[in-house]
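Working notes, beginning with the structure itself.
Residue numbers (mature numbering (1 follows the signal peptide of the UniProt record, and there is no 0)): -31 to -1, 1 to 132.
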C-alpha cells in the first residue's frame, strides 16, 4: 500500500471518528419517543394536590396528565400566577429560577409528568382558588384548581416523572 493511500485512509478514519463523536455529543438526552410533539395546553389535563412538607417548606404536586395523546415536556414552567375565587391575581413573591438542564419527559395516557410547587410553611397565607402557569418552552398557559391557602415566596421544579 502506498504511503499516500495509507495517509488518505487514516485521514478518512479520523474524520469518521470525529463526526461520530460529534453526533453522539449533540444527541439530546430525551426519554421521549421519536416524533412525539411538544405538549400544548390542549394535550394536557392539569391537577394540583398537597404532596409533602419539610425543612420549613410545603410542596404541592402539579400533575400533567395526557388528554389522549403522547407528547413531551422539557424544562421548568414559568409565569406562575395564583388567583383568588373572583379571579383576581394574588401578589405572591416568586423564587428566582435557577436554570436546569432537564431531559425531555414523555407524557402519555397513564404516564403523567409533574412539577413540585414549593412555598413557605410559616407566615400569612392567602386563599388561592386557581393556579395558572406557562408550559416549559411554550406560550401555552394551563390552569388548575388550587387546593388551599398559600404563602409566598413560590418556587417550581423542572418537569419530572415518578414519585
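We put the CB at the ideal spot given by N, CA and C, even for glycine. Since the structure is predicted, the reported quantities are computational estimates derived from the model, not experimental observations.
message: Run through the DSSP bridge pairs and tell me what residue 55 is partnered with.
response: Position 86 of the chain shown, counting from 1, holds the residue named residue 55. Residue 55 pairs with nothing; no bridge assigned.
field: Span separating the alpha-carbon of residue 119 from that of residue 91
entry: Locating residue 119 in the chain shown gives position 150, counting from the first residue. Locating residue 91 in the chain shown gives position 122, counting from the first residue. So the alpha carbons of these two residues sit roughly 10 Å apart.
- prompt: Is the CB-CB distance between residue 124 and residue 63 below 9 Å?
  reply: Sequence index remark: in the chain shown, residue 124 carries index 155 (1-based). Sequence index remark: in the chain shown, residue 63 carries index 94 (1-based). Judged by their CB atoms, residue 124 and residue 63 are nearer to each other than the 9 Å cut-off.
- request: Along the beta strand (DSSP E) that carries residue 115, what are the first and last residues, could you check?
  value: As a position in the chain shown, residue 115 is number 146, starting the count at 1. Careful: residue 115 lies outside any beta strand (DSSP E) and carries neither H nor E.
field: Straight-line gap, residue 46 to residue 106 (C-alpha atoms, nearest Å)
entry: As a position in the chain shown, residue 46 is number 77, starting the count at 1. As a position in the chain shown, residue 106 is number 137, starting the count at 1. As the crow flies, the alpha-carbon of residue 46 is around 8 Å from that of residue 106.
- request: Provide the residue span of the beta strand (DSSP E) that contains residue 21, from first to last.
  value: Translated into the one-based positions of the chain shown, residue 21 becomes position 52. For residue 21, the uninterrupted beta strand (DSSP E) segment begins and ends at 13 to 23.
Whether residue 85 touches residue 31 by CB criterion (9 Å): What you label residue 85 is simply residue 116 of the chain shown in a count that begins at 1. What you label residue 31 is simply residue 62 of the chain shown in a count that begins at 1. Yes, Cβ-Cβ distance for residue 85 and residue 31 is below 9 Å.
- prompt: Under a three-way DSSP split, which group does residue 66 fall into?
  reply: One-based indexing of the chain shown puts residue 66 at position 97. Correct three-state label for residue 66: coil.
- request: Give me the Cα-Cα distance between residue 52 and residue 128, rounded to the nearest whole angstrom.
  value: For the purposes of this step, residue 52 is taken as the residue at position 83 of the chain shown. For the purposes of this step, residue 128 is taken as the residue at position 159 of the chain shown. Taking the straight line joining both Cα atoms gives about 22 Å.
- prompt: Do you know offhand how far residue 50's Cα is from residue 111's?
  reply: Here the question's residue 50 lines up with position 81 in the chain shown. Here the question's residue 111 lines up with position 142 in the chain shown. As the crow flies, the alpha-carbon of residue 50 is around 11 Å from that of residue 111.
message: Classify residue 14: buried if its beta carbon has 16 or more other beta carbons within 10 angstroms, exposed otherwise.
response: Translated into positions along the chain shown, residue 14 becomes position 45. By the neighbour-count rule (16 or more Cβ atoms within 10 Å), residue 14 is not buried but exposed.
task: Kindly indicate which three-state DSSP category residue 120 falls into: helix, strand or coil?
output: Translated into positions along the chain shown, residue 120 becomes position 151. In the structure shown, residue 120 falls within a coil segment according to DSSP collapsed to helix, strand and coil.
- request: Within 10 angstroms of the Cβ of residue 18, are there 16 or more other Cβ atoms? Answer buried if so, exposed if not.
  value: Reading the chain shown from its first residue, position 49 is the one you call residue 18. If you draw a 10 Å sphere on the C-beta of residue 18, you find fewer than 16 other C-beta atoms in it, and that means exposed.
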